[in-house]
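One structure is given below, encoded as structure tokens.
Number of protein chains: 2
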Amino acid sequence: MSTKWSKTYLFTLREAPADAEIPSHQLMMRAGLIKKVGPGLYTYGNFALRALRKFENILRQELDKRGAQEILMPMVQPAELWQETGRYTAMGEGLLKFKNRNGHDFALGATHEEVVTDYARRDIKSYRDMPANLYQIQTKYRDEIRPRFGLMRGREFIMKDAYSFDVDSEAALKSYELMYDAYKAIFNRLKVNFRIVQADAGAIGGSKTHEFQLLADAGEDHLMVCDKCDYAANVEIAPAISPEKKSTDAELPMEAFETKGLKQISSLSKALKIAEHDLVKTLFFSANDGLNPSDKALKPVCVLLRGDEELNPVKLKNALGLSNEPLMLTEQEVKQESGAWPGSCGPVGLKMPIYMDNGVAGMKNIIVGANRDAEHLRNVNFPRDFQATKVADLRKAHAGDKCPNCESGHYQSFRGIEVGHVFYLGTKYSKAMQANYLTQDGESKPIEMGCYGIGVSRTIQAAIEQSHDKDGIIWPMGITPFHVHIVVLDPENTEVLQAAEIVSRDLEARGYEVFIDDRVERPGVKFKDADLLGFPIRLNIGGRGLQNGEVELITRRSKEMTKVKLEEAVDQTIARLNTLANENQR
Amino acid sequence: MSTKWSKTYLFTLREAPADAEIPSHQLMMRAGLIKKVGPGLYTYGNFALRALRKFENILRQELDKRGAQEILMPMVQPAELWQETGRYTAMGEGLLKFKNRNGHDFALGATHEEVVTDYARRDIKSYRDMPANLYQIQTKYRDEIRPRFGLMRGREFIMKDAYSFDVDSEAALKSYELMYDAYKAIFNRLKVNFRIVQADAGAIGGSKTHEFQLLADAGEDHLMVCDKCDYAANVEIAPAISPEKKSTDAELPMEAFETKGLKQISSLSKALKIAEHDLVKTLFFSANDGLNPSDKALKPVCVLLRGDEELNPVKLKNALGLSNEPLMLTEQEVKQESGAWPGSCGPVGLKMPIYMDNGVAGMKNIIVGANRDAEHLRNVNFPRDFQATKVADLRKAHAGDKCPNCESGHYQSFRGIEVGHVFYLGTKYSKAMQANYLTQDGESKPIEMGCYGIGVSRTIQAAIEQSHDKDGIIWPMGITPFHVHIVVLDPENTEVLQAAEIVSRDLEARGYEVFIDDRVERPGVKFKDADLLGFPIRLNIGGRGLQNGEVELITRRSKEMTKVKLEEAVDQTIARLNTLANENQR
Chain C
0 MSTKWSKTYL
10 FTLREAPADA
20 EIPSHQLMMR
30 AGLIKKVGPG
40 LYTYGNFALR
50 ALRKFENILR
60 QELDKRGAQE
70 ILMPMVQPAE
80 LWQETGRYTA
90 MGEGLLKFKN
100 RNGHDFALGA
110 THEEVVTDYA
120 RRDIKSYRDM
130 PANLYQIQTK
140 YRDEIRPRFG
150 LMRGREFIMK
160 DAYSFDVDSE
170 AALKSYELMY
180 DAYKAIFNRL
190 KVNFRIVQAD
200 AGAIGGSKTH
210 EFQLLADAGE
220 DHLMVCDKCD
230 YAANVEIAPA
240 ISPEKKSTDA
250 ELPMEAFETK
260 GLKQISSLSK
270 ALKIAEHDLV
280 KTLFFSANDG
290 LNPSDKALKP
300 VCVLLRGDEE
310 LNPVKLKNAL
320 GLSNEPLMLT
330 EQEVKQESGA
340 WPGSCGPVGL
350 KMPIYMDNGV
360 AGMKNIIVGA
370 NRDAEHLRNV
380 NFPRDFQATK
390 VADLRKAHAG
400 DKCPNCESGH
410 YQSFRGIEVG
420 HVFYLGTKYS
430 KAMQANYLTQ
440 DGESKPIEMG
450 CYGIGVSRTI
460 QAAIEQSHDK
470 DGIIWPMGIT
480 PFHVHIVVLD
490 PENTEVLQAA
500 EIVSRDLEAR
510 GYEVFIDDRV
520 ERPGVKFKDA
530 DLLGFPIRLN
540 IGGRGLQNGE
550 VELITRRSKE
560 MTKVKLEEAV
570 DQTIARLNTL
580 ANENQR
Chain B
0 MSTKWSKTYL
10 FTLREAPADA
20 EIPSHQLMMR
30 AGLIKKVGPG
40 LYTYGNFALR
50 ALRKFENILR
60 QELDKRGAQE
70 ILMPMVQPAE
80 LWQETGRYTA
90 MGEGLLKFKN
100 RNGHDFALGA
110 THEEVVTDYA
120 RRDIKSYRDM
130 PANLYQIQTK
140 YRDEIRPRFG
150 LMRGREFIMK
160 DAYSFDVDSE
170 AALKSYELMY
180 DAYKAIFNRL
190 KVNFRIVQAD
200 AGAIGGSKTH
210 EFQLLADAGE
220 DHLMVCDKCD
230 YAANVEIAPA
240 ISPEKKSTDA
250 ELPMEAFETK
260 GLKQISSLSK
270 ALKIAEHDLV
280 KTLFFSANDG
290 LNPSDKALKP
300 VCVLLRGDEE
310 LNPVKLKNAL
320 GLSNEPLMLT
330 EQEVKQESGA
340 WPGSCGPVGL
350 KMPIYMDNGV
360 AGMKNIIVGA
370 NRDAEHLRNV
380 NFPRDFQATK
390 VADLRKAHAG
400 DKCPNCESGH
410 YQSFRGIEVG
420 HVFYLGTKYS
430 KAMQANYLTQ
440 DGESKPIEMG
450 CYGIGVSRTI
460 QAAIEQSHDK
470 DGIIWPMGIT
480 PFHVHIVVLD
490 PENTEVLQAA
500 EIVSRDLEAR
510 GYEVFIDDRV
520 ERPGVKFKDA
530 DLLGFPIRLN
540 IGGRGLQNGE
550 VELITRRSKE
560 MTKVKLEEAV
570 DQTIARLNTL
580 ANENQR
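Protein sequences, first through last, are from chains C and B.
The numbering of the first sequence is numbering that gives the first Met the number 0, which starts it at 0 and goes up by one.
The numbering of the second sequence is numbering that gives the first Met the number 0, which starts it at 0 and goes up by one.
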């Protein structure tokens, strides 16, 4: 049953609304794929749903194949479940809470660890009941304070979340690998360019995690990818291995000197004619992540970095054993804790823990603030002049840093959009919620869990963000709403319309989906819309071409146009689609 | 890919939890189809999802075929949209409202007229853009004060809602008929026993509506169905046509008499030796439906009914032109307005509108209360002794009443579960929300709308409520999670397991879904579970039977058991399934 524009609820826009900032958001609005209902709230149009359903089917096939089973959990969830794990508070304001008419407390599901653990603890009693893997494709809500970028950072979104239940960590890691493989297969089938990267486990808990990232310039994530081996990591955790200084200079006597007006590394570098990477900067944070609202105490720590490096807050968070990233001290707090305003501080004589990036550890005779305003010290040496609580990798990795895996390759830098993640959770949720089972020996043990998410609606937009040009969307083959867009140049000419319908019917008989633009509109308007909608192949069928028995076949991505005989149009189109389907996405 | 119990997350229960009151709710809990998360909130198990998905596919096919297009609207909706139609208040507490972290007001979608009208008004500008029909299959929330009966009256539920947009009422009624046909086709394909009944339009507005009702004893709706023709109506609106009295008696002079202690029609009937249907009862209501909170005025009206009849509150509501059913006056209010306590009141001398059921209009010399305590009047005659504002059909219809359509048949009484409705809305929403279009003559007119709902999750349970026995579910063919349940009697015998797998594979190759119980359990346990799960055909495959080359084929509904040759098991099973699929459900 071919789909004709004249019978389709489809309204394209020439201009995207002003609040659409990135190309994919603009194009989705212009192509009628989404329409804004409120901030971060969208209605999906029919063509967006077609893409979503294709994606969902791929998800179901790959997960079912690996023994996962689909269920469906509610969006509205009793507060009691969230209180069992403490996340009713810990999730912060992103978890939307409300009272119903009877005064009971509920949350709108932002994630479903609590609900699924409750589900499983009522069924799983014995080691014989595992392994088990439950997943759902479901609408979630996160109360983003500033929703933006359309579906990329929306409030209501569609997610596929899976949860595994196993007897021990060995079995749980097998489940993890199985989901890792499923995700690889899923994104390969989508025909998108993605990377699997190591990442920080974050607040969800657990100790092993990988992110699935679609590469795109507008991506919010920064990735380090080895140019030789398979290694890739989110910059949040990517180890920084740059040629470290191991100075063998003799340690000189420390001395103070005046540095009035020299508060920045850059001005110090200029004034002293010492390169920034030979200087050391001193930063201050509080090792209090605010998780306990009654504990407001300042817990100052000092961090030392080379002058040209940037702190990686996730590395510092992990070094400090915190759940959230630590906050920087205010200027006032720095003055109070160090004795000097920022810019004149240093490690010597400080009464707080000192965390030193390993890029600093090998330096000799360094220059740091004296903890007296407008004064610095030179020839400071570690550990002669100050002690460090910890020497660690605390800085942000750069493109060009050495790969920690193969040690011969170097990092390349990419932007990515996180569309999936796999987490090994361990017993964080099962312990909190008493989800226990009996082992073969009759011992009661908490279930080992993993959780595995894919942002379904987000992936659709990320794919467009990755694959578009100035004229519109270029749908990847795995989720394109239609494979072929037939532009009927003379829709009032019965012969032309009939030719289009026959081509469409034959393509559909061979398993391809066809959209026919049969509107009475100028060809230019229809070509523009075809480019905007972005299905992989376009066929122009018109009266003049048919006089020569020809139609035009255009590949959306390359814009390559070929004239083909009408009777070969179907075979040629399918050949072109097959080529597209087999193209390497990298 | 056959589904084996040993690899399936499936836990059946011997006992249903105490709060499951009706059979379908008990059976769904016992079969692991649903699990309670909170009051009115359920997680759907894998097998329930299988049934849901089948139903959803039927919905999509029948709606798409008729030109409707699927979209997906958000669950979280800005209050502003609801305020445009006034329903933010008018929906009452069933509409769950909340503020997000930024202090903005939202509602959880209980229905989507506002959101879809907003969607369409931004696209539909011209008569050329219609007809249009948009639908979604989506999760809704209604804050039921006392959720019960599982999915039947839950808080979160899955609904298919469709909305039509047309240029005028004629076109809108065509869209209505198209959806009516779609619904008929849908419920026919489900293979359930249903009736299409006329119903009251209720608070949603609009003037034409039909309900699709699944027949089941536990149904909350009461239906009147003609035994001769196709006519069927919800008792709410079913006309009451019983042989009316048309007395030709002479009118006697009215007189008062003492009736101390005779406050009920029954006691009056006994004391006076007059049949209840020859007496008249007087009721009092306030014609104020409470929609305007600032208007608390009592607007008393009197209603006259024959002594053996029951008032139909919906008919009275419509006669009074109200949106909600009117409240009865309290005893105190009756005393104040009539002069007597209830039981001694009547129409003579009343200072309020009198609504008279047409069953009373033909009576002569009636006995009614005197509006003085412990006193009645006899020989009261209309219109000699009192006036009526309106004579109308105000009573509840009964089984046995004459059919208003064919006039030769009579009502039969059924209980039904409302699973679908079609509404002609007119311009109620388009006018309130300025959803206008330009006619061919360049005139701006409000769009004509219709709305069409099917309770997707509710239908699954209603089908079970209609089709079960004491042992378990009897799935209707259209939505059964699996067609065939193979009980492997000796799962540790490789030959037996292999036979089961071959039968399963062959059935699957022919398009049927098979569930294999390969658990190491006693046959009795497995038979009980098979009856509980309720797939249409069961095959018992065991070592002893196979020695004779036989398996047992059991029809779930009839429990009829036949021994069939192993090599004929597939054909016989399919023949039996075809018979079941073609059975008349009535």
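Beta carbons: idealized from backbone N, C-alpha and C, even for Gly.
Partners in chain B for residue i, counting only beta-carbon separations shorter than 7 Å
i: R100/C; result: E92, D142, I144
i: K118/C; result: Correcting the residue identity first, residue 118/C is Tyr in this sequence and not Lys. Chain B residues near Y118/C: K34, T42.
i: P73/C; result: V36, L40, Y41, T42, E155
i: I70/C; result: T42, Y43, G44, N45, L48
Whole-angstrom distance between residue j and residue i, CA atom to CA atom
i: E219/C; j: V418/C; result: 11 Å
i: G306/B; j: S268/B; result: 9 Å
i: H209/B; j: C450/B; result: 11 Å
i: R194/C; j: L579/C; result: 20 Å
i: Y354/B; j: A19/B; result: 42 Å
i: G39/B; j: M74/C; result: 12 Å
i: K314/B; j: P146/B; result: 27 Å
i: V279/C; j: K262/C; result: 12 Å
i: K190/B; j: L213/B; result: 11 Å
i: L488/C; j: V495/C; result: 8 Å
i: K259/C; j: V114/C; result: 60 Å
i: Y134/B; j: A431/B; result: 21 Å
Helix, strand or coil at residue i [DSSP, three-state]
i: N45/B; result: helix
i: S285/B; result: strand
i: K98/C; result: strand
i: E61/B; result: helix
i: A318/B; result: helix
i: P22/B; result: helix
i: K227/C; result: coil
i: L326/C; result: strand
i: F54/B; result: helix
i: R521/C; result: coil
i: V495/C; result: helix
i: S174/B; result: helix
i: I123/B; result: coil
i: E219/B; result: coil
i: N581/C; result: helix
8 Å Cβ cut-off: residues of chain C touching residue i
i: K6/B; result: G66
i: L278/B; result: The contacting residues do not exist; L278/B stays about 43 Å from chain C at best.
Contacts that residue i makes with chain C (C-beta to C-beta distance below 9 Å)
i: R121/B; result: F10, K34
i: F283/B; result: Under the 9 Å cutoff, chain C gives no residues; its nearest Cβ is about 30 Å from F283/B.
Proximal residues of chain B, C-beta to C-beta of residue i below 8 Å
i: V114/C; result: V36, T42
Where residue i meets chain B, residues with beta-carbon distance less than 9 Å
i: F534/C; result: Going along chain B, no residue has its Cβ under 9 Å from F534/C, so there is no contact; the nearest lies around 17 Å.
Going along the chain, which unbroken runs of the beta strand (DSSP E) with 3 or more residues stay wholly within the region 526 to 560 of chain B? Positions of the beta strand (DSSP E) runs, each at least 3 residues long and wholly inside the region 526 to 560 of chain B, are given as 536 to 540, 549 to 554 in order along the chain.
Chain-ordered residues of the region 125 to 140 of chain C with a beta carbon less than 9 Å from chain B: Within the region 125 to 140 of chain C, those residues whose Cβ lies closer than 9 Å to any Cβ of chain B are, in chain order, D128, A131, N132, L133, Q135, Q137, T138, Y140.
Residue ranges of each alpha helix (DSSP H) run of no fewer than 4 residues wholly in the region 441 to 492 of chain C, ordered along the chain? DSSP runs (the alpha helix (DSSP H)) wholly in the region 441 to 492 of chain C: 455 to 465.
3-residue-minimum beta strand (DSSP E) runs that sit fully inside the region 245 to 314 of chain B, ordered along the chain: The region 245 to 314 of chain B contains these whole beta strand (DSSP E) runs: 254 to 257, 279 to 285, 299 to 305.
Please identify, using Cβ separations under 7 Å, the residues of the region 46 to 65 of chain C that lie next to chain B, in order along the chain. Answer set for the region 46 to 65 of chain C: L48.
What are the uninterrupted segments assigned as beta strand (DSSP E) that are 3 or more residues long and contained completely in the region 125 to 158 of chain B, given in chain order? Taken in chain order, the complete beta strand (DSSP E) segments of 3 or more residues contained in the region 125 to 158 of chain B are 131 to 140.
Residues of the region 76 to 88 of chain B with a CB closer than 9 Å to any CB of chain C: list them in chain order, please. Along the region 76 to 88 of chain B, going in chain order, the ones with a CB nearer than 9 Å to a CB of chain C are Q76, P77, E79, L80.
As an exercise, report each continuous alpha helix (DSSP H) stretch of at least 4 residues that is fully enclosed by the region 365 to 443 of chain B, in chain order. Counting whole runs of 4 or more residues, the region 365 to 443 of chain B contains the alpha helix (DSSP H) stretches 427 to 431.
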